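Trainee: Please find one structure pasted underneath; my questions will follow.
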Amino acid sequence: MSYNYQESLNGEALSRYQCKLNLISCKECPYKLPAGVWQNNPCKWPDVQWGDVYSYLIDSPGAPVILKADVKPSQRVNEQPHHPWVAVSTSGTVVAAHCDCMAGLSEVCSHVAALLFKVEAAGRLGYTRKACTEEPCKWNADFVKKVLPDPISKIKFYKASTVSKAKSRNRHRTRKFTPANDDQKQQLLDSLKGCTTKPVGLSTFNGYSTDFHWTTPTVNTPKIPAALNDLYHPDNIKLSVDELYDKCKGIADSMTISYEVSRYIYDCTTSQSSSMTWYDQRVGRITSSTVHNVLHTTLENPSTSLLKKICDPAPKPLNVPAVIWGREHEECALKEFQQVMRTDHQNFCVQKAGFLIDLNYPFIGVSADGIATCDCHGSSVVEVKCPYKYRSSLLPEFLADPNACLTNNHELKKTHQYYSQVQLQMYVHNINTSFFVVWGEKFTVVSNVTKDHVFIKTMLEKSHSFFINAIVPELLTRKISSPTEKPTSDDELFCICQTPEDGNMIGCDNQNCKYKWFHLDCIKMKRVPKFTWYCSYCKKQ
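Quick note: the sequence shown uses the working numbering, first residue 11, plus one each step.
Right, here's the structure in full:
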């Protein structure tokens with residue numbers, strides 16, 4: 011249809027169309043131009059501006075570059091496109107336009123507008139201009155085409171003015187000044203030393219460099235006192251009764267321990283029987299587990315087994331069923347105790363306790379099972395018992411036994427050895443209350459014990475007398491526990507080196523450890539750690 015478009019017109023439309031062709035000096039209808047005449051190259055489009063589009067569509071006509079396009083109907087995109095053409099002058103002025111649509115004779119249809127706006131966008135976006143790579147090289151057009159070789163010495167790489175400026179800038183200026191004397195130098199260094207932030211340059215001068223040396227801060231770790239069995243000397247056996255008594259009394263009166271050392275030992279021994287320090291510091295001291303027997307023995311004929319138990323430093327763990335049962339279930343009993351107490355106490359918790367030596371009576375020490383704290387009642391001592399005899403009994407059966415430590419009202423019997431134990435613990439810890447816990451598989455009972463000042467006073471007096479008259483003499487002479495009577499066997503060898511204990515050892519917290527005890531020197535440790543410790547062999551497992 012487009013090729014015969016001009017012939018299809020008649021009357022006024024044909025006359026108007028012919029005038030339009032004459033206006034743009036076009037001898038032939040654009041629709042009849044062959045395909046080879048048209049070029050799809052935006053670079054040859056005139057630079058049509060938005061104003062030119064406006065001038066044609068709204069204002070007036072302009073010259074002889076003809077642009078055509080295929081424009082699809084806006085509402086019928088699947089039909090054949092319309093074929094508008096536009097005549098544009100080289101300056102970009104739109105002279106005439108036409109379209110073969112029904113409104114094309116008006117020369118301002120939307121298809122013509124679409125073509126014009128596309129040409130305008132191409133000019134605005136730079137599509138009508140050639141790229142720099144399509145044009146001949148311009149940046150080296152003015153270079154010297156013929157460069158003749160020359161020796162480097164004759165080539166001038168810099169302008170004469172540039173060389174002159176550089177020489178004048180680098181010219182060294184001689185300054186006149188009076189050198190400072192020694193006093194002035196010293197005064198300057200002293201003033202620099204007084205600055206809040208010391209200049210690092212002072213580190214190069216003698217007398218000032220020490221302020222810049224890095225030193226490791228010293229930690230004053232308290233020194234653990236030697237075990238009391240070190241008081242032994244073979245010559246003590248030769249002393250008379252009066253001489254031995256005077257020496258024993260002098261030792262007892264001179265015994266002291268500071269708060270820092272006592273707390274350090276306490277922190278180091280929270281694992282209790284797994285700590286060698288716990289064994290060493292208990293030697294020669296009356297503890298909460300031995301004080302009841304101390305109160306019920308005589309000074310004239312003290313119990314031999316009691317003195318051996320107090321003065322013998324060698325750890326001898328008992329493997330009888332009752333001891334094993336208590337050791338294995340103490341942790342479980344503490345957990346159930348905490349669950350029971352948390353229902354009536356705010357922020358209730360129990361911390362493990364170590365071996366605490368009394369500051370007023372250094373020959374007394376206690377190892378409670380724990381220290382309980384809460385917001386409503388403060389601190390209390392915790393002592394847990396897991397009696398093997400009543401492990402499967404009910405609470406009434408336990409209370410009905412006349413040998414039980416509790417009464418029917420769940421009160422701790424004052425005649426029982428556990429009463430002496432918790433009273434001594436409360437005294438040394440300076441705490442007024444104690445939770446005495448008895449645990450079985452079918453019951454858990456808690457007895458509240460308060461401090462008995464009268465009982466404690468009597469207990470301390472007898473303990474002091476027993477220490478002077480029975481314990482210290484045994485520590486000095488070893489009449490009962492003589493080291494010569496102790497045979498050495500392979501069973502008493504410790505550590506990976508398989509040698510006897512040396513008093514400075516640590517125990518592995520793994521109950522199934524192959525070696526159990528280690529010399530600190532063998533494992534290259536300086537002191538016993540405060541918390542749980544496992545040997546390297548157990549860690550690998």
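Note that the Cβ used here is the ideal one computed from N, Cα and C, for glycine as well. Values in this document were obtained by computation on a predicted structure and should not be read as measured data.
Between the beta-carbon of P397 and the beta-carbon of V350, is there less than 9 Å?
Mentor: no
Trainee: Report the three-state DSSP secondary structure of C111 (helix, strand or coil).
Mentor: coil
Trainee: Express the C-alpha separation of F187 and A170 in angstroms, rounding to a whole number.
Mentor: 35 Å
Trainee: Unbroken beta strand (DSSP E) runs of length 3 or more, entirely within the region 239–317: which are they?
Mentor: none
Trainee: Whose C-alpha, out of Y547, R26, K549, P539, is nearest the C-alpha of Y274?
Mentor: P539
Trainee: Select from V391, K467, L530 the residue whose C-alpha is nearest the C-alpha of F445.
Mentor: V391
Trainee: Please state the DSSP three-state secondary structure of P359.
Mentor: Reading the sequence as shown, one finds Cys at residue 359 and not Pro. C359: strand per DSSP, three-state reduction.
Trainee: Thinking I478 and C321 are a contact (beta carbons under 8 Å), I'd like their distance in whole angstroms, please.
Mentor: Beta-carbon to beta-carbon, I478 and C321 are separated by about 14 Å, too far to satisfy the 8 Å threshold.
Trainee: Is it right to say P412 is buried, meaning 16 or more other beta carbons lie within 10 angstroms of its own, or is it exposed?
Mentor: exposed
Trainee: Beta-carbon within less than 7 Å of L369's beta-carbon, same chain only, minus the 5 sequence neighbours each way: which residues are those?
Mentor: I267, Y269, S272
Trainee: Go through its chain and collect everything with a Cβ distance to F465's Cβ below 7 Å, but skip five positions before and after it.
Mentor: Q433
Trainee: C523 and C507 look like a contact to me (Cβ under 8 Å); what is the Cβ gap, rounded to whole Å?
Mentor: With a Cβ gap of about 15 Å, C523 and C507 do not count as contacting.
Trainee: Classify M112: buried if its beta carbon has 16 or more other beta carbons within 10 angstroms, exposed otherwise.
Mentor: exposed
Trainee: By the DSSP assignment, the alpha helix (DSSP H) with K550 in it spans what residues?
Mentor: K550 -> alpha helix (DSSP H) spans 546–550.
Trainee: Could you give the residue range of the beta strand (DSSP E) that holds F347?
Mentor: F347 -> not in any beta strand (DSSP E); alpha helix (DSSP H) instead, spanning 331–351.
Trainee: If I'm right that A480 touches P312 with Cβ under 8 Å, what's the distance once you round it to whole angstroms?
Mentor: 4 Å
Trainee: In the DSSP output, what is H92 paired with across the bridge?
Mentor: V81
Trainee: Tell me, please, whether the region 46–62 touches the region 127–137 by the rule of three or more beta-carbon pairs shorter than 8 Å.
Mentor: yes
Trainee: Mind checking who E393 pairs with in its DSSP beta bridge?
Mentor: F446
Trainee: Note down, in chain order, each residue of its chain lying with its Cβ closer than 7 Å to the Cβ of S281, except the 5 sequence neighbours on either side.
Mentor: D519, T542
Trainee: Mind the definition here: the region 415–425 touches the region 352–370 only if three or more C-beta pairs lie below 8 Å; say whether that holds.
Mentor: no
Trainee: What does the Cβ neighbour count give for F215, buried or exposed, with the cut at 16 atoms within 10 Å?
Mentor: exposed
Trainee: Quick one: Cα of N303 to Cα of H223, how far?
Mentor: 59 Å
Trainee: What's the gap between the Cα of S298 and the Cα of G450?
Mentor: 23 Å
Trainee: According to DSSP, is A414 helix, strand or coil?
Mentor: coil
Trainee: Buried or exposed: where does H463 fall if 16 or more other Cβ atoms within 10 Å of its Cβ makes it buried?
Mentor: exposed
Trainee: Considering only the alpha carbon of each residue, which of S101, Y41, F453, K37 lies closest to G133?
Mentor: S101
Trainee: Report yes or no: do the region 398–407 and the region 375–388 share at least 3 C-beta pairs separated by less than 8 Å?
Mentor: no
Trainee: In angstroms with no decimal places, state the Cα-to-Cα distance between A332 and E310.
Mentor: Their Cα atoms are separated by approximately 33 Å.
Trainee: Using a Cβ-Cβ cut-off of 6 Å (strictly less than) and excluding sequence neighbours within five positions of I76, which residues of its own chain qualify?
Mentor: P40, W95, A97
Trainee: My output table needs one value for F236: the three-state DSSP class, helix, strand or coil.
Mentor: Residue identity check: residue 236 is Ala in the sequence provided, not Phe. If DSSP states are grouped into helix, strand and coil, A236 belongs with coil.
Trainee: For a quick check, are the C-beta atoms of K203 and D221 less than 9 Å apart?
Mentor: yes
Trainee: Would you call the CB atoms of S249 and L486 closer than 9 Å?
Mentor: In the sequence under discussion, the amino acid at residue 249 is Leu, which differs from the Ser named in the question. Judged by their CB atoms, L249 and L486 are nearer to each other than the 9 Å cut-off.
Trainee: CA-CA distance, Q85 and L24?
Mentor: Each residue's Cα considered, the two are about 28 Å apart.
Trainee: Go through the region 456–486 residue by residue and report every complete run of the alpha helix (DSSP H) that reaches 4 residues or more, in order.
Mentor: 463–476
Trainee: With a 10 Å radius around its C-beta and 16 neighbouring C-beta atoms as the bar for buried, classify N239 as buried or exposed.
Mentor: buried
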